[in-house]
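See structure below.
2 protein chains.
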Amino acid sequence: MADRVVTLEGTLETLLAEKKYGTLRDVFVTMNASDIAALFDEIEQDKLPRLFRLLPKELAAETFVEMDAQAQELLIQGFSDNELKEVVDELYVDDAADLVEEMPANVVKRILKQADPEMRKMINEILKYPEDSAGSIMTTEYVSLRPNMTVEEAFKRIRRTGIDKETIYTCYITTEDRKLIGFLSIRSLLLADENDVLQDIMEQNVIAVNTLEDQETVVQMFSKYNFIALPVVDAEGRLVGIVTIDDAMDVLEEEVTEDFEKMAGITPSDKPYLRTTVLETFWARTPWLMILMLSATFTSFIIGSFEDSLAAYMALSAFIPMLTGTGGNSGTQSATAIIRSISLREVEFSDLYRVVWKEIRVAVLCGVTLAVCNFAKMMLVDRLLFGNTAISPIVALVICLTLIFTVVCAKTVGCLLPMLADKGGLDPAVMASPFISTIVDALSLLIYFQIARIILHI
Amino acid sequence: MADRVVTLEGTLETLLAEKKYGTLRDVFVTMNASDIAALFDEIEQDKLPRLFRLLPKELAAETFVEMDAQAQELLIQGFSDNELKEVVDELYVDDAADLVEEMPANVVKRILKQADPEMRKMINEILKYPEDSAGSIMTTEYVSLRPNMTVEEAFKRIRRTGIDKETIYTCYITTEDRKLIGFLSIRSLLLADENDVLQDIMEQNVIAVNTLEDQETVVQMFSKYNFIALPVVDAEGRLVGIVTIDDAMDVLEEEVTEDFEKMAGITPSDKPYLRTTVLETFWARTPWLMILMLSATFTSFIIGSFEDSLAAYMALSAFIPMLTGTGGNSGTQSATAIIRSISLREVEFSDLYRVVWKEIRVAVLCGVTLAVCNFAKMMLVDRLLFGNTAISPIVALVICLTLIFTVVCAKTVGCLLPMLADKGGLDPAVMASPFISTIVDALSLLIYFQIARIILHI
Chain E
42 MADRVVTLEG
52 TLETLLAEKK
62 YGTLRDVFVT
72 MNASDIAALF
82 DEIEQDKLPR
92 LFRLLPKELA
102 AETFVEMDAQ
112 AQELLIQGFS
122 DNELKEVVDE
132 LYVDDAADLV
142 EEMPANVVKR
152 ILKQADPEMR
162 KMINEILKYP
172 EDSAGSIMTT
182 EYVSLRPNMT
192 VEEAFKRIRR
202 TGIDKETIYT
212 CYITTEDRKL
222 IGFLSIRSLL
232 LADENDVLQD
242 IMEQNVIAVN
252 TLEDQETVVQ
262 MFSKYNFIAL
272 PVVDAEGRLV
282 GIVTIDDAMD
292 VLEEEVTEDF
302 EKMAGITPSD
312 KPYLRTTVLE
322 TFWARTPWLM
332 ILMLSATFTS
342 FIIGSFEDSL
352 AAYMALSAFI
362 PMLTGTGGNS
372 GTQSATAIIR
382 SISLREVEFS
392 DLYRVVWKEI
402 RVAVLCGVTL
412 AVCNFAKMML
422 VDRLLFGNTA
432 ISPIVALVIC
442 LTLIFTVVCA
452 KTVGCLLPML
462 ADKGGLDPAV
472 MASPFISTIV
482 DALSLLIYFQ
492 IARIILHI
Chain C
42 MADRVVTLEG
52 TLETLLAEKK
62 YGTLRDVFVT
72 MNASDIAALF
82 DEIEQDKLPR
92 LFRLLPKELA
102 AETFVEMDAQ
112 AQELLIQGFS
122 DNELKEVVDE
132 LYVDDAADLV
142 EEMPANVVKR
152 ILKQADPEMR
162 KMINEILKYP
172 EDSAGSIMTT
182 EYVSLRPNMT
192 VEEAFKRIRR
202 TGIDKETIYT
212 CYITTEDRKL
222 IGFLSIRSLL
232 LADENDVLQD
242 IMEQNVIAVN
252 TLEDQETVVQ
262 MFSKYNFIAL
272 PVVDAEGRLV
282 GIVTIDDAMD
292 VLEEEVTEDF
302 EKMAGITPSD
312 KPYLRTTVLE
322 TFWARTPWLM
332 ILMLSATFTS
342 FIIGSFEDSL
352 AAYMALSAFI
362 PMLTGTGGNS
372 GTQSATAIIR
382 SISLREVEFS
392 DLYRVVWKEI
402 RVAVLCGVTL
412 AVCNFAKMML
422 VDRLLFGNTA
432 ISPIVALVIC
442 LTLIFTVVCA
452 KTVGCLLPML
462 ADKGGLDPAV
472 MASPFISTIV
482 DALSLLIYFQ
492 IARIILHI
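If you're matching them up, the sequences are chains E and C in order.
Each number in the numbering used here comes from the position in the first sequence (counting from 1) with 41 added on.
Each number in the numbering used here comes from the position in the second sequence (counting from 1) with 41 added on.
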């Protein structure tokens, strides 16, 4: 795929250099807007406006929507007012609202000036909703029908207005005062009799979200109910827009990326990796590293307070990274499993005891298995093979017992923290790997030295 | 949400105990199949069959599809052949194929026996494709039209056959020998003139996937092209099925869960967290922990070989967990950012130099910032405030220089490994946190002791 794009890009640049505009246009019309946009994002900036102008009007708008913000801004800067108007007129309202949100103020001014009053009103409507709310990702272009229409009248209305609607596959039935009372898929309309009245055949059990609902909930509703569009209503139950599934899918990918970032201790960003500057990446990553580094002060204290005993049993210090590492990894496994289950709504706070009890049993099995293998390895490899006599059976015992207790603690902390965070209204994803590791590091050292103290009498 | 479900569940059990079947049925028909299924998954097993039998036929099949495998099996065990046939007849082919894949052999036999021959043939068709391929997630129930049909004839055909098709929103145009040559959305059909001939108005630029294509690619195409259905063709370009967007969304969630699991060193599983047994969870988690624990042998060796010098400068050993921890966290950040970018196709192997160069610059900034803060903290807090005289400025210098080099190494390894893995045909996700941490642990110790050797002359 990547290779093909690169080649095509070269071909297009050659065609452009040779001014073969007709050929270029012929190539473009056979292509999908998303592919053209991907190509344009890669092409040299100064050639972009000339290539873009070759696209037929509708394809131009479709391509424009798919391009990245940087290229969009560049194009708008070069557009005449007329060209800008042509693109804006073809945009769906939700895409126009996204554009307005991403562009700098002077560009926004131009866009709003070129939009017709109706469009401008709808854009402002969407922009007034908080970021990441259902209202902010909806479109106001949907098909609404009246309950007393017949199927024939409904089709007339769809044919008349449908071309400008983002989806016509689900039609919503509203009363005079815009209250949402039912819906009909275009399939049921097609299969119904021409003279049927909508209120007799419509589905009355409408599932809708409130404008202020979090976009994550919207996505969950899509995957739960297998909808292709979800109606958005205001506090009075009036239909104000719909979210379509392609937008929900984009939100899903965005939310997943955010979860990955949070779980790695990175402040989430909207921009793709290669588009962020070094400084932006630096700022997104350093705060967490700093917090975690400073929290590691505890581990230094713990080791420091045990310094004399460590000096007596130097072999013990060689196994600190192995113990803290295994603890960290065990905790990360539990935390990740729980964080993902919470976000898929498979696990909720009422499952706390079941979860903890399961993790403890898994941890004991895991810990004992690891301990037995490690004991064998220390005796056979370290002691026999490499002749490291400092590793006596009793030292190996200390280390292996520590392994068991550390794994149990780590898995318990790993499942508890995300669940408590979720209950407390925090995002469970921040309780992931780096955070858990830092806590488990300190815990495993405390366990280690306590066990050493008891068994080795130091 | 959770609270409401719990309450409803109680109400239903009361109604069932009081044998108010009419009321129960009335409640169910106002509900969505997904909600009923969620409720049924929670209800006491012995009450399930009686409740299920209250559902009208179509709602019963829709609910059945949404239930989890355990409850499905339970229901089928209790079904008469007739009841089973009724449910199977209402299933879409892809859902029936999923069911057959998940049920034990004796249940599968009964299902296939009750399916009509046509359905059985289609199920077997889907089952022959490898797991996770486009063929395995497609449905064979789509609307296909001929190029010489008029719009009016097309609608007649859709009205006649559409009720059994999973989606009618995109119709595919095929030749006599089933070659896919174009498509038409129901919207364009509705807006077209009744006498238009399909081949004149159809979209010829069809994007399709091959039956053997990986399901992950299918999902990427959905999010790239904003389709609601994607045609699946065989090697000869013949249309054999379609994937609908709701199934693509399920695949997306499944793939994301797999990525999370791999990144935490867990062998991926299809089952939700609370459905896996303790032993299954144990087996999914222990192998990676074992590998990582045994690889940590290197860190013991490194520390062991530096034992004498450590005994001379005990303060140094107290900072080992902080250094390896910060290294691990830095590496995890880069690895996560890159793994996610690869899976979103934002970064590919040809970007290697750009990525590494960016990570190095970020790492230097990060490392220096952390080092400066840490130096100040060691001087002011550890030395001045707590009077820990072992932490001399020269020891602090060793630790802070190590921080800088460790962060740079960690971020370089963190971005390199996933990219190399991807290039080598491995899943980049396995190169995540636990794996990177283990490598970075050893690297940071080597750096630490080397710097200590040079500066402290030990």
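Glycine included, C-beta positions come from ideal geometry on N, C-alpha and C.
{"Check": "Of the listed residues Val274(C), Thr285(C), Ala325(C), Leu280(C), nearest to Glu299(C) (C-alpha basis)", "Outcome": "Ala325(C)"}
{"Check": "Check whether Leu364(C) and Thr443(C) have beta carbons under 8 Å apart", "Outcome": "yes"}
{"Check": "Neighbour-count burial assignment, Ala376(E), 16 or more Cβ in a 10 Å radius", "Outcome": "buried"}
{"Check": "Neighbour list for Cys212(E) in chain C, Cβ cutoff strictly below 7 Å", "Outcome": "Result: empty, since nearest Cβ-Cβ is about 12 Å, beyond 7 Å."}
{"Check": "Backbone CA spacing between Val148(C) and Ile117(C) [nearest angstrom]", "Outcome": "7 Å"}
{"Check": "Sequence-distant residues of the same chain with beta carbon closer than 6 Å to Asn429(C), five excluded per side", "Outcome": "Asp423"}
{"Check": "Cβ pair count under 8 Å reaching 3, the region 277–285 of chain E against the region 277–292 of chain C", "Outcome": "no"}
{"Check": "Classification of Ala493(E) by the beta-carbon crowding that lies within 10 angstroms, buried from 16 upward", "Outcome": "buried"}
{"Check": "Beta-carbon spacing of Leu125(C), Leu92(C) below 8 Å", "Outcome": "no"}
{"Check": "Cα-Cα separation, Ile445(E) to Leu333(E)", "Outcome": "25 Å"}
{"Check": "The alpha helix (DSSP H) enclosing Leu125(C), as first and last residue numbers", "Outcome": "122–131"}
{"Check": "Nonlocal neighbours in the same chain, by C-beta distance under 7 Å from Phe263(C), ignoring five residues either side", "Outcome": "Leu271, Ile286, Ala289"}
{"Check": "7 Å Cβ cut-off: residues of chain E touching Ser358(C)", "Outcome": "Ile344, Leu351, Ser358"}
{"Check": "Ser346(E) - containing alpha helix (DSSP H), residue span", "Outcome": "338–346"}
{"Check": "Beta-ladder partner(s) of Asn251(C), from DSSP", "Outcome": "Val274(C)"}
{"Check": "Inter-residue spacing [alpha-carbon to alpha-carbon] between Phe196(E) and Phe224(E)", "Outcome": "14 Å"}
{"Check": "Those residues which DSSP pairs with Ser174(C) across a bridge", "Outcome": "Asp255(C)"}
{"Check": "Selection of the region 101–127 of chain C by Cβ proximity to chain E, strictly under 9 Å", "Outcome": "Glu107"}
{"Check": "Given Thr453(C) as reference, the closest of Arg386(C), Val297(C), Gln374(C) once Cα atoms are compared", "Outcome": "Gln374(C)"}
{"Check": "Limits of the unbroken beta strand (DSSP E) element including Val284(E)", "Outcome": "280–285"}
{"Check": "Contacting residues, own chain, Cβ-Cβ under 6 Å from Gln245(C) (five flanking each side not counted)", "Outcome": "Gly223"}
{"Check": "Three-state secondary structure (DSSP) of Thr308(C)", "Outcome": "coil"}
{"Check": "Whether Val129(C) touches Gln155(C) by CB criterion (8 Å)", "Outcome": "yes"}
{"Check": "Ile227(C) beta carbon near the ligand GTP (any heavy atom closer than 7 Å)", "Outcome": "Annotation note on the ligand GTP: not contained in the displayed structure, which lists no ligands."}
{"Check": "Partner residues on chain E for Asn415(C), Cβ-Cβ distance less than 7 Å", "Outcome": "Met334"}
{"Check": "Assigned secondary structure, Lys220(E) (DSSP; H/G/I helix, E/B strand, else coil)", "Outcome": "strand"}
{"Check": "Three-state secondary structure assigned by DSSP to Glu389(C)", "Outcome": "coil"}
{"Check": "Minimum Cβ-Cβ distance from Val165(E) to chain C less than 8 Å", "Outcome": "It is Asn, not Val, that sits at residue 165(E) in the sequence shown. With 8 Å as the cut-off, Asn165(E) does not count as an interface residue toward chain C."}
{"Check": "Backbone secondary structure at Tyr266(E) - three-state DSSP", "Outcome": "helix"}
{"Check": "Gln86(E) burial status per 10 Å Cβ neighbour count (16 or more: buried)", "Outcome": "exposed"}
{"Check": "Beta-carbon proximity of Ala417(C) to Val448(C), cut-off 8 Å", "Outcome": "no"}
{"Check": "Proximity below 8 Å, CB of Thr258(C) to CB of Val247(C)", "Outcome": "no"}
{"Check": "Residue range of the beta strand (DSSP E) that includes Ile432(C)", "Outcome": "First-last for Ile432(C): undefined, no H or E at that position."}
{"Check": "Delimiting residues of the alpha helix (DSSP H) encompassing Tyr314(E)", "Outcome": "No alpha helix (DSSP H) contains Tyr314(E), which DSSP labels as neither H nor E."}
{"Check": "Reduced DSSP category for Asp44(C) - H, G, I as helix; E, B as strand; rest coil", "Outcome": "Unreliable positioning characterises Asp44(C) in this predicted model, as indicated by a pLDDT of 41, which lies under 50. The coordinate reading is nonetheless provided below. Helix, per DSSP."}
{"Check": "Where the alpha helix (DSSP H) containing Tyr489(E) begins and where it ends", "Outcome": "474–497"}
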